[in-house]
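Each remark here refers to the structure printed beneath this line.
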Amino acid sequence: MSKVNISTWVKNFGFLLEAVIPLDAVQLNVGKKISDFNNNLKLAKDNKEIVRTQAKIIDCKLRQAFSKLSINDFSDPSGFAEMKKASFRVKHYLDVRSTLESYIKNNIEGYKQKELQLRGFQQWLMTAEHLQKAQCYEGAFLVINALLQLDIKFKLTPHLSASDQRKFANHMEMISPSGNFIKLRKEIAQAKSAQKFVPVFLRAKDITTLNYLLEENSNAETKEANFKKKIGILKGIKQEQTQKVPALPDELEKIYQRAQARYGSECHVPAKHIEDKNQFNSSSNKADLPAGNETTHYRVIKIRTEKSTRVYLHNELPSFWQKEYRETVQMEQLISQSSINLAR
Numbered sequence: 338m339s340k341v342n343i344s345t346w347v348k349n350f351g352f353l354l355e356a357v358i359p360l361d362a363v364q365l366n367v368g369k370k371i372s373d374f375n376n377n378l379k380l381a382k383d384n385k386e387i388v389r390t391q392a393k394i395i396d397c398k399l400r401q402a403f404s405k406l407s408i409n410d411f412s413d414p415s416g417f418a419e420m421k422k423a424s425f426r427v428k429h430y431l432d433v434r435s436t437l438e439s440y441i442k443n444n445i446e447g448y449k450q451k452e453l454q455l456r457g458f459q460q461w462l463m464t465a466e467h468l469q470k471a472q473c474y475e476g477a478f479l480v481i482n483a484l485l486q487l488d489i490k491f492k493l494t495p496h497l498s499a500s501d502q503r504k505f506a507n508h509m510e511m512i513s514p515s516g517n518f519i520k521l522r523k524e525i526a527q528a529k530s531a532q533k534f535v536p537v538f539l540r541a542k543d544i545t546t547l548n549y550l551l552e553e554n555s556n557a558e559t560k561e562a563n564f565k566k567k568i569g570i571l572k573g574i575k576q577e578q579t580q581k582v583p584a585l586p587d588e589l590e591k592i593y594q595r596a597q598a599r600y601g602s603e604c605h606v607p608a609k610h611i612e613d614k615n616q617f618n619s620s621s622n623k624a625d626l627p628a629g630n631e632t633t634h635y636r637v638i639k640i641r642t643e644k645s646t647r648v649y650l651h652n653e654l655p656s657f658w659q660k661e662y663r664e665t666v667q668m669e670q671l672i673s674q675s676s677i678n679l680a681r
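First residue of the sequence shown: 338, per the working numbering; consecutive thereafter.
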């Protein structure tokens with residue numbers, strides 16, 4: 338073959354001189370990529386299932402305990418801050434909340450390997466996002482607060498992806514107390530779902546402030562405005578408590594019961610022993626008042642119907658709560674000091 342012909346051949350068929358990759362090696366490489374892809378899909382699917390499961394446990398157990406709280410527990414919310422003032426219902430709620438928080442923390446710090454801690458942290462971060470989208474702000478706040486404590490302890494967020502770091506930062510902004518929780522309040526105000534679950538601490542905080550203002554020596558107009566604000570909050574609580582809370586599937590209930598046995602406090606009261614929210618707490622002789630302490634300016638009007646007890650405070654000023662008063666005045670004779678317990 339002439340020099341010219343060799344040159345032409347190399348130019349036209351030079352690819353035949355390249356190293357030949359065995360077919361099985363190619364198949365092995367493609368197979369590995371397919372396997373990795375399938376594993377990633379499975380991991381993503383498993384993560385979503387774990388997130389849904391975790392969110393369901395958090396949402397369900399908090400709502401169940403919340404539904405047991407009475408209006409009196411919120412009317413004087415000091416029991417949420419001081420255990421000695423707490424009713425059995427409040428103690429039960431706080432115990433459920435504490436159990437869930439310990440469950441979240443152990444689900445992450447229970448691992449020694451950093452990689453597994455990070456995976457658990459990411460899953461719970463996704464759970465908080467899931468709860469927030471479902472407008473379960475009480476649950477989302479609980480999860481993020483637990484993650485914050487873990488991040489302070491283990492310094493996990495620097496090892497997260499940039500995307501997860503942004504998500505965590507956004508959640509931190511949401512629960513920030515800056516401006517009296519202005520970002521959290523704004524998001525809650527924009528949420529219109531009937532399933533909206535406002536953080537209990539936020540309700541208690543606002544009512545504590547209003548109780549203080551109601552006992553101040555302010556004018557009647559200011560008292561009326563603050564009283565209406567308090568009534569509005571209490572009505573919102575009652576509305577949230579009317580939402581039906583489905584029971585957890587047996588396997589998820591068992592997960593919670595194991596957590597309760599491990600992390601529950603000594604003051605734990607079984608749910609079946611917690612009074613129905615419409616029943617009177619025999620361990621306390623306090624009426625379910627929607628304002629702070631009863632004063633000479635107010636008298637209690639309590640009407641018990643077949644379905645519930647309606648509570649109003651009527652001010653002697655003619656313009657104060659006249660509409661609500663007219664609804665109850667015909668039955669007012671039913672209420673006397675000797676029969677007040679019947680309405681509780």
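Don't be surprised by glycine CBs; every beta carbon is placed ideally from N, CA and C. If you're wondering where the values come from, they're calculated on a predicted model, not measured in any experiment.
If you compare the alpha carbons of 420, 458 and 449 with that of residue 487, the shortest gap goes to 458.
CA-CA distance, residue 518 to residue 383, rounds to 34 angstroms. Rounded to whole angstroms, residue 455 and residue 515 show a C-alpha spacing of 28 angstroms. Residue 482 and residue 559 have their C-alpha atoms spaced approximately 36 angstroms apart. Look at the region 481-567 and you find these whole runs of alpha helix (DSSP H), each 4 residues long or longer: 499-511, 515-527 and 537-551. Taking C-beta atoms under 8 angstroms as the contact rule, residue 525 and residue 535 qualify, at a distance of about 6 angstroms.
A Cβ-Cβ contact shorter than 7 angstroms links residue 395 with residue 437.
Across the structure, residue 385 and residue 444 are spaced so that their CA atoms are roughly 16 angstroms apart. Counting the other Cβ atoms within 10 Å of the Cβ of residue 463 gives 16 or more, which makes it buried.
Apart from sequence neighbours up to five positions away, the residues of its chain that approach residue 513 with a beta-carbon distance below 7 angstroms are 520, ordered along the chain. Here the alpha carbon of residue 431 sits roughly 20 angstroms from the alpha carbon of residue 585. In this structure, the straight-line span from the alpha carbon of residue 451 to that of residue 581 is close to 40 angstroms. When rounded, the separation of the alpha-carbon atoms in residue 491 and residue 446 is 8 angstroms. From the listed residues 562, 574, 541 and 391, the smallest Cα separation to residue 417 is found for 541.
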